[in-house]
Amino acid sequence: MFTKALFVLFSVASTQAFAPMPVRPMTTALDYSVTVKSEEEGIDETFECAEDSYIVDAAELVEIALPYSCKAGSCSTCCGKLVSGTVNQDDQSFLDEDQMGEGYVLTCVAYPTSDCEILVHQEDELY
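Position one of the sequence shown corresponds to residue 58 (our numbering), numbered consecutively onward.
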């Protein structure tokens, strides 16, 4: 009887040890607050974006639909204009130095490097 009780005790303990762990979203203390706005599209949303996540991907995770096409930084579909804050968009190959100097950003390949505000749906204003 004692051995059966001991067997049951160890069986329960070992099954709990190998139970799958709940999946939690990875977050870091380096998340930035990103605000995206478009009067024409009725967008005024703020979300958290990790420093190693593209802005368009982070928006999509919280069900904010931003425009994109190539997701490679080689077109202007996802173009936005930085109102405040900073981003790293070294992966882009479409915008020239003057356009970036005016604040244009390709959200499909832009990482936030601070809290920022971006006017989205700015492709037409780029030209």
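No residue lacks a Cβ here, since even glycine has one placed at the ideal position from N, Cα and C.
query                                                                                                               : result
Considering only C-alpha positions, which residue in the set Ala-107, Glu-154, Glu-120 is nearest to Cys-262?       : Any answer about residue 262 is impossible in this case: the structure gives the chain only from 58 up to 184.
Can you name the start and end residues of the beta strand (DSSP E) that Asp-101 belongs to?                        : 100-106
Give the straight-line distance between the Cα atoms of Leu-152 and Leu-139, rounded to the nearest whole angstrom. : 14 Å
Pull up the distance between the alpha-carbon of Lys-128 and that of Glu-98, whole angstroms please.                : 21 Å
What separation, rounded to the nearest whole angstrom, lies between the Cα atoms of Glu-117 and Glu-159?           : 26 Å
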